[in-house]
Amino acid sequence: MHAPASAPSGASAAPAAAAATTAWQPTWNPQGFASLGPAFLTRLDPTPLPTPQLLAHSPDLAAQLGIPAGWWQTEQAAQVLTGNRLLPGSQPYATVYSGHQFGVWAGQLGDGRAIVLGEVLGEAQKETVATTDTTDTDTAAPSAPGWELQLKGAGRTPYSRRGDGRAVLRSSIREFLCSEAMHALGIPTTRALSLTGSPASIYREEVETAAVVCRVAPSFIRFGHFEHFAARGQEAELRQLADYVIDRYYPACRTAPGNPYAALLRTVAERTAELLAHWQAVGFCHGVMNTDNMSILGLTIDYGPFQFLDGFDPDHICNHSDTQGRYAFRQQPQVAYWNLFCLGQALHPLIGEEDTTVAAIEAYRPHFSAAFAALMRRKLGLPALAQTGTAATTPEEADPATPVVGQLLQLLASEKVDYPIFWRRLSDAAATGQYDAVQDLFVDGAAWQRWLPSYLALLAASGSAPDTAAMHRANPRFVLRNHLGETAIRAAQAGDTGVLQQLQAVLAAPYDAHPAHNDWAGFPPDWASSISISCSS
1 MHAPASAPSG ASAAPAAAAA TTAWQPTWNP QGFASLGPAF LTRLDPTPLP TPQLLAHSPD
61 LAAQLGIPAG WWQTEQAAQV LTGNRLLPGS QPYATVYSGH QFGVWAGQLG DGRAIVLGEV
121 LGEAQKETVA TTDTTDTDTA APSAPGWELQ LKGAGRTPYS RRGDGRAVLR SSIREFLCSE
181 AMHALGIPTT RALSLTGSPA SIYREEVETA AVVCRVAPSF IRFGHFEHFA ARGQEAELRQ
241 LADYVIDRYY PACRTAPGNP YAALLRTVAE RTAELLAHWQ AVGFCHGVMN TDNMSILGLT
301 IDYGPFQFLD GFDPDHICNH SDTQGRYAFR QQPQVAYWNL FCLGQALHPL IGEEDTTVAA
361 IEAYRPHFSA AFAALMRRKL GLPALAQTGT AATTPEEADP ATPVVGQLLQ LLASEKVDYP
421 IFWRRLSDAA ATGQYDAVQD LFVDGAAWQR WLPSYLALLA ASGSAPDTAA MHRANPRFVL
481 RNHLGETAIR AAQAGDTGVL QQLQAVLAAP YDAHPAHNDW AGFPPDWASS ISISCSS
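Letter by letter, the sequence shown follows residues 1 to 537 in UniProt numbering.
Structure follows, in structure tokens:
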């Protein structure tokens, strides 16, 4: 008999090549948070959801994680990102923490509906781990941080308390969009890799459908993780956690002069100050600044009843549940300072000296002031201040723009002028020297005319024309206003994800013109004021 003819040389290779372009086999970091041990977390698998559907994903973030583009077209994508199927090597867990909520000690909390799949390594981190003896946990050098993958809405955990462990489509769309929008604005934030939905019924004020957001960050460690062990007098675990954070995320603290834990506290205070400066400059109101919602890395985390300001109102409360206005827009910098004191109290057993602890926390105030001033100068088209090396005795001496900015914010507040539109029109006007379109935003045009000369004087004193290119990069044309999110939500609830995906694309480039979506850069409709957002999600 004759042997059968051999198959063409490329025939067997084709399926393998196709599989290579659609398979995602992440490398997990054995030195991630889970290596801290059972005192810090509980191992558990996500609870499956029926018939999951991939609604949106972030191509930019997917590329950073090394996910093949073809993987998103596979059935596996929706299954994995809903928690129905685990990637090889994944060992999911939920973490325990405590915290202050609305200024009151709430005791033990924890990941009540968020489950971490593990920490994925990029190519650089893979090389570090490959040369590290991870079997000896006492001597192994810490690897560079990778990316933790966390499924929000993946089911009950031991920390769910009375919750069902789920998230609804409404709030998940908001979190997905805002995570990626904040990243595009250059504001430190956790990311959102994907949004998946399910027809499963979830009961809130009314029956809604379920969704899961895959959140991504170098770490989801919160102030509350430290508060948990400090409140229980577990100093060994507190030290273990602090050492982990220093070695993995802030190694310079280990060699800084003095106490390394004081250096950690100071660094977190400065990171938090920079974050709050960004929030205040762009007009972002978080809504739930509990200590368990504060990132140890200075990231925006936990997008709930947030809002970008429409009309500028320093007293605006975006969270319908915040009846006392604790987290009103103007209160945010002070609340962050208060939260840092809670973190300082937790770290104090490791620092030892009260004066040292307080000094580390106090780094927050000047750092916030300097960061906010720098951001506002960019928004005004002013050059960065040169460092003189001489300590200023007054805010005006530190930055002549400070009183001018203060007067401007008072003017905007007096008429609740639309905040994003004002800054964009100012950017356009500075390029031409014609400010009529800006004045049109004010009922009291004379008040605007009284302020304008002080701005023009600042520009003249800088010795250069306004940097209008920098202004357009500092003043977004598009932000995730509540009514835009609501429009995407209503369409998605009706089965149309087109608006969601278009809005995602626009918010990924918020400084560009996007003429096809001019209406999204305009004033909010009258019905926008009736949108009520609370902690319920």
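Even for Gly, the Cβ is constructed at its ideal location relative to N, Cα and C.
Item: Reduced DSSP secondary structure (H/G/I, E/B, other) of Cys-253; Value: helix
Item: Host beta strand (DSSP E) of Ile-147 (start-end); Value: In the sequence on display, residue 147 carries Trp and not Ile. 147–152 is the span of the beta strand (DSSP E), which, as asked, contains Trp-147.
Item: Exposed unless 16 or more other CB atoms sit within 10 angstroms - verdict on Ser-198; Value: buried
Item: Helix, strand or coil at Val-438 [DSSP, three-state]; Value: helix
Item: Short Cβ contact (8 Å threshold) for Ser-58 with Ala-192; Value: yes
Item: Beta-carbon proximity of residue 567 to Ala-23, cut-off 8 Å; Value: Only positions 1 to 537 of the chain appear in this structure, which leaves residue 567 out of reach.
Item: Ala-262 versus Glu-235: straight-line alpha-carbon distance, rounded; Value: 16 Å
Item: Whole-angstrom C-beta distance between Ala-437 and Ala-429, which should lie under 8 Å; Value: 6 Å
Item: Thr-291 beta carbon less than 8 Å from that of Gly-66; Value: no
Item: Through-space distance from Gln-31 to Ala-140, alpha-carbon basis; Value: For Ala-140, the predicted model reports a pLDDT of 45, less than 50, meaning its position is unreliable and no value from the coordinates is stated.
Item: Integer-rounded CB distance, given that Ser-219 should sit under 8 Å from Phe-40; Value: 12 Å between Cβ atoms; not a contact.
Item: C-alpha gap between Ser-321 and Gln-101, whole angstroms; Value: 12 Å
Item: Cβ distance (whole Å) where Leu-340 is taken to contact Thr-272 below 8 Å; Value: 6 Å
Item: Spatially closest choice to Ile-221 from Leu-241, Val-212 and Tyr-203, by CA coordinates; Value: Leu-241
Item: Straight-line Cα distance separating Met-376 from Pro-383; Value: 11 Å
Item: Cβ-based neighbour list, Gly-258, same chain, cut-off 8 Å, excluding 5 preceding and 5 following; Value: Thr-356
Item: Expected contact under 8 Å - CB spacing of Arg-174 and Asp-310 to nearest Å; Value: Arg-174 to Asp-310, Cβ: 16 Å. No contact.
Item: Minimum C-alpha distance to Trp-105 - residue among Leu-117, Cys-342 and Glu-205; Value: Cys-342
Item: Alpha helix (DSSP H) runs wholly inside the region 7–77, at least 4 long, in chain order; Value: 13–22 and 59–64
Item: Contact under 8 Å by Cβ, Asp-247 with Arg-254; Value: yes
Item: Chain-order list of residues whose beta-carbon lies under 6 Å from that of Ser-530 (same chain, five-residue window excluded); Value: none
Item: CB of Phe-306 within 8 Å of CB of Gly-287, strictly; Value: yes
Item: Assumed close pair Leu-412, Phe-329 - CB separation to whole angstroms, cut-off 8 Å; Value: At roughly 12 Å, the Cβ-Cβ gap does not stay under 8 Å, so Leu-412 and Phe-329 are not in contact.
Item: Meets three-Cβ-pair contact criterion under 8 Å: the region 457–473 and the region 142–158; Value: no
Item: Met-471 versus Gln-504: straight-line alpha-carbon distance, rounded; Value: 23 Å
Item: Euclidean distance between Cα positions of Val-80 and Ala-256; Value: 42 Å
Item: Pick from Gly-37, Thr-51 and Ala-488 that is closest to Tyr-244, judged by C-alpha positions; Value: Gly-37
Item: At least 3 beta-carbon pairs within less than 8 Å: the region 207–216 vs the region 87–95; Value: no
Item: Test item: CB-CB of Arg-166 and Arg-85 under 8 Å; Value: no
Item: First and last residue of the uninterrupted alpha helix (DSSP H) at Ala-446; Value: 445–462
Item: Alpha helix (DSSP H) segments (min. 4 residues) lying fully within the region 222–249; Value: 223–231 and 235–249
Item: Cut-off 8 Å between Cβ atoms - residues of its own chain near Gln-53, not counting five sequence neighbours on either side; Value: Ala-78, Thr-196, Gly-197 and Ser-198
Item: Environment of Tyr-203 [buried if 16+ CB atoms lie within 10 Å]; Value: exposed
Item: One or two residues paired with Thr-209 in a DSSP bridge; Value: Ser-201
Item: Through-space distance from Phe-478 to Ala-516, alpha-carbon basis; Value: 13 Å
Item: Of the listed residues Asn-29, Gly-83 and Ala-63, nearest to Pro-48 (C-alpha basis); Value: Gly-83
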